[in-house]
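**Student:** Let me give you the structure first, and then I'll get to my questions.
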Amino acid sequence: MKKNRNTRLINNDLYKHLDETCTIRDLRYWGIFGHLRNEKHPSSHIRIDPKRFMKMTHTHFSEVELNVINSRRSHYFYPAKYSRLDYNCNLFLDEIDNIRKDWTDTFRPLIKREAERIKKPKKLVAADDSNFMCGITDYDESAMWATFTNMRNQQKYVDKINHIVYSLYAQFFHQMASRIEGITVYVLAKNGKNVEHFDRNALYDYAGSTGTAREFHHYPSHDKLYCIWHFIKHNSISTYDRLKERYPEVLVDGEFKQGHIAASYVKFSDELINELLDGCGEFFKEYCLKVYGEKYDEASWNYELYFYNLAEDEIELLENPFGIY
Numbered sequence: 062m063k064k065n066r067n068t069r070l071i072n073n074d075l076y077k078h079l080d081e082t083c084t085i086r087d088l089r090y091w092g093i094f095g096h097l098r099n100e101k102h103p104s105s106h107i108r109i110d111p112k113r114f115m116k117m118t119h120t121h122f123s124e125v126e127l128n129v130i131n132s133r134r135s136h137y138f139y140p141a142k143y144s145r146l147d148y149n150c151n152l153f154l155d156e157i158d159n160i161r162k163d164w165t166d167t168f169r170p171l172i173k174r175e176a177e178r179i180k181k182p183k184k185l186v187a188a189d190d191s192n193f194m195c196g197i198t199d200y201d202e203s204a205m206w207a208t209f210t211n212m213r214n215q216q217k218y219v220d221k222i223n224h225i226v227y228s229l230y231a232q233f234f235h236q237m238a239s240r241i242e243g244i245t246v247y248v249l250a251k252n253g254k255n256v257e258h259f260d261r262n263a264l265y266d267y268a269g270s271t272g273t274a275r276e277f278h279h280y281p282s283h284d285k286l287y288c289i290w291h292f293i294k295h296n297s298i299s300t301y302d303r304l305k306e307r308y309p310e311v312l313v314d315g316e317f318k319q320g321h322i323a324a325s326y327v328k329f330s331d332e333l334i335n336e337l338l339d340g341c342g343e344f345f346k347e348y349c350l351k352v353y354g355e356k357y358d359e360a361s362w363n364y365e366l367y368f369y370n371l372a373e374d375e376i377e378l379l380e381n382p383f384g385i386y
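Be aware that the sequence shown starts at 62, since it is given in my numbering, and climbs by one per residue.
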């Protein structure tokens with residue numbers, strides 16, 4: 062712990078010299094020692110003198126962050142990883158953020174735009190009936206004709222809107238689920254899991270001494286994503302029954318019949334997409350904490366490039382304050 066360290070005055074002479082000479086290109090000036098890894102030195106690491114680093118870069122760490130930094134047993138703090146992408150949780154959450162951005166910036170406006178392109182049917186009245194204008198039918202007969210024609214036209218309009226909307230939602234949903242599965246396969250393989258024949262049980266069962274991921278608090282969000290995906294992929298009674306049993310709230314009223322288009326039975330909405338992205342994000346945070354020992358908040362700063370880049374920003378500010386070159 063911090064109280065056991067007896068090297069409080071280490072590097073004082075070095076810092077005095079660096080301050081006097083303003084050697085800002087020397088990373089030790091900023092409290093960074095060692096070298097970042099490179100092709101010639103793949104095992105190189107940097108270490109941080111926290112007090113000097115915070116003083117020179119004006120960085121203010123939170124109480125939680127300071128607790129991590131001050132739990133070290135040496136004068137220097139050694140960041141846990143080299144890059145933020147060395148954290149599995151960041152890989153998962155970055156992909157989910159990218160999916161959300163594609164939804165917000167591209168697919169959601171596209172669905173709205175395509176739905177608005179369909180023209181609403183003209184409201185007919187008795188005078189629109191040529192038989193009435195020719196004296197063949199009376200007003201009441203033509204008014205009834207107009208009423209029923211309006212009902213048919215409105216239903217055709219609604220059916221066309223619904224077809225376009227659920228088709229585009231289903232297209233995005235397929236891509237969303239596929240991308241989440243893709244990053245899952247990548248992360249599991251990166252951590253030594255054989256994923257040659259992947260199914261999601263490989264994710265749920267790969268939890269070591271922590272048990273199965275089916276017991277995780279946010280498991281239902283991930284499961285709901287897959288239940289919907291399997292239903293709209295396979296259009297089968299078995300996938301429909303599974304979805305109806307577990308998450309009936311996502312289905313429209315009326316029983317699904319074999320051979321029907323499954324996507325037309327799902328209550329797609331902006332709220333459903335965001336709910337699943339939020340829930341899957343929380344599931345992966347929980348998964349990476351319990352399986353890989355990663356704390357998501359810590360993964361945002363506890364890596365070597367975080368400290369290195371802060372120092373480089375300070376150097377850039379001093380050498381090129383106006384951003385001219």
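For each residue, glycine too, the CB sits at the ideal point set by N, CA and C. Please read these numbers as outputs of a predicted model, since none were measured by experiment.
CA-CA distance, Tyr326 and Leu304?
**Tutor:** 11 Å
**Student:** Using DSSP with H/G/I as helix, E/B as strand and the rest coil, what is Asn65?
**Tutor:** Low per-residue confidence applies at Asn65: pLDDT is 49, beneath 50, and the placement is therefore not dependable, though the value from the model is reported in the following sentence. Reduced to three states, the DSSP call for Asn65 is helix.
**Student:** Using three-state DSSP, classify Ile107 as helix, strand or coil.
**Tutor:** strand
**Student:** By the 10 Å Cβ neighbour count, where 16 or more other Cβ atoms means buried, how is Cys349 classified, buried or exposed?
**Tutor:** buried
**Student:** What residue ranges within the segment 169-232 form continuous alpha helix (DSSP H) runs of no fewer than 4 residues, ordered along the chain?
**Tutor:** 169-178, 191-194
**Student:** Could you give the distance in angstroms between the alpha-carbon of Arg161 and the alpha-carbon of Arg169?
**Tutor:** Per the coordinates, the alpha-carbon of Arg161 lies some 10 Å from the alpha-carbon of Arg169.
**Student:** Would you mind stating whether Phe234 and Ile334 have Cβ atoms separated by less than 9 Å?
**Tutor:** yes
**Student:** Under 8 Å Cβ to Cβ from Ile179, same chain only, skipping five residues before and after it: list those, please.
**Tutor:** Tyr218, Lys221, Ile222, Ile225
**Student:** Report the three-state DSSP secondary structure of Tyr301 (helix, strand or coil).
**Tutor:** helix
**Student:** Return the first residue and the last residue of the beta strand (DSSP E) that Phe94 is part of.
**Tutor:** 93-95
**Student:** Given this structure, state the Cα-to-Cα distance separating Tyr301 from Pro309, to the nearest angstrom.
**Tutor:** 10 Å
**Student:** Going by C-alpha to C-alpha distance, which of Met212, Glu202, Cys195 sits closest to Lys184?
**Tutor:** The residue from Met212, Glu202, Cys195 with its alpha-carbon nearest to that of Lys184 is Met212.
**Student:** Hey, how far is the Cα of Asp163 from the Cα of Val186?
**Tutor:** 44 Å
**Student:** Assign Phe368 to one of three DSSP states: helix, strand, or coil.
**Tutor:** helix
**Student:** For Thr167, count the other beta carbons within 10 Å of its own beta carbon; 16 or more makes it buried, fewer makes it exposed. Which is it?
**Tutor:** exposed
**Student:** Excluding five sequence neighbours on each side, which residues of the same chain lie with their C-beta closer than 8 Å to the C-beta of Ala204?
**Tutor:** Val186, Ala187
**Student:** Are Val246 and Lys285 close, meaning C-beta to C-beta below 9 Å?
**Tutor:** no
**Student:** Which of the three DSSP states, helix, strand or coil, is assigned to Val327?
**Tutor:** strand
**Student:** Rounding to the nearest angstrom, what Cα-Cα distance links Met194 and Glu177 in this structure?
**Tutor:** 34 Å
**Student:** Taking Arg261 as the reference, which of Gly243, Met117, Asp155, Leu79 has the closest Cα?
**Tutor:** Gly243
**Student:** Measuring only between beta-carbons, confirm whether Met237 sits less than 9 Å from chain B.
**Tutor:** Although the question refers to chain B, the structure presented lacks it and comprises just one protein chain.
**Student:** Find out if the Cβ-Cβ distance for the pair Tyr230, Ile172 is shorter than 9 Å.
**Tutor:** Contact: yes.
**Student:** In the segment 109-164, which residue ranges form an unbroken beta strand (DSSP E) of at least 3 residues, counting only runs that do not cross its ends?
**Tutor:** Segments of the beta strand (DSSP E) lying fully in the segment 109-164: there are none.
**Student:** State the Cα-Cα distance for the pair Ala238 and Ser330, rounded to the nearest angstrom.
**Tutor:** 15 Å
**Student:** Cutting at 7 Å between CB atoms, please list the residues of its own chain near Ala207, excluding the five before and the five after it.
**Tutor:** Spatial neighbours of Ala207 in its own chain (CB-CB distance under 7 Å, excluding positions within 5 residues in sequence) are listed in chain order as Leu185, Val186, Ala187, Asp189, Asp190.
**Student:** Residue range of the alpha helix (DSSP H) that Cys288 falls in?
**Tutor:** 280-295
**Student:** Using a Cβ-Cβ cut-off of 7 Å (strictly less than) and excluding sequence neighbours within five positions of Thr273, which residues of its own chain qualify?
**Tutor:** Tyr265, Asp266
**Student:** Where Pro140 and His295 are concerned, what is the direct C-alpha to C-alpha distance, given to the nearest angstrom?
**Tutor:** The straight-line gap from Cα to Cα measures roughly 47 Å.
**Student:** What residue range does the alpha helix (DSSP H) around Glu81 cover?
**Tutor:** 73-82
**Student:** So Tyr364 packs on Asp155, CB below 8 Å; how close in whole Å?
**Tutor:** Not confirmed; about 14 Å, so no contact.
**Student:** Quick check on this structure: which residue in His283, Glu380, Ile385 has the alpha carbon closest to the alpha carbon of Gly340?
**Tutor:** Selection His283, Glu380, Ile385 evaluated against Gly340 yields His283 as nearest (Cα-Cα).
**Student:** Between the Cα of Val248 and those of Ile293, Cys150, Val313, Gln319, spot the shortest distance and give me the residue it belongs to.
**Tutor:** Cys150
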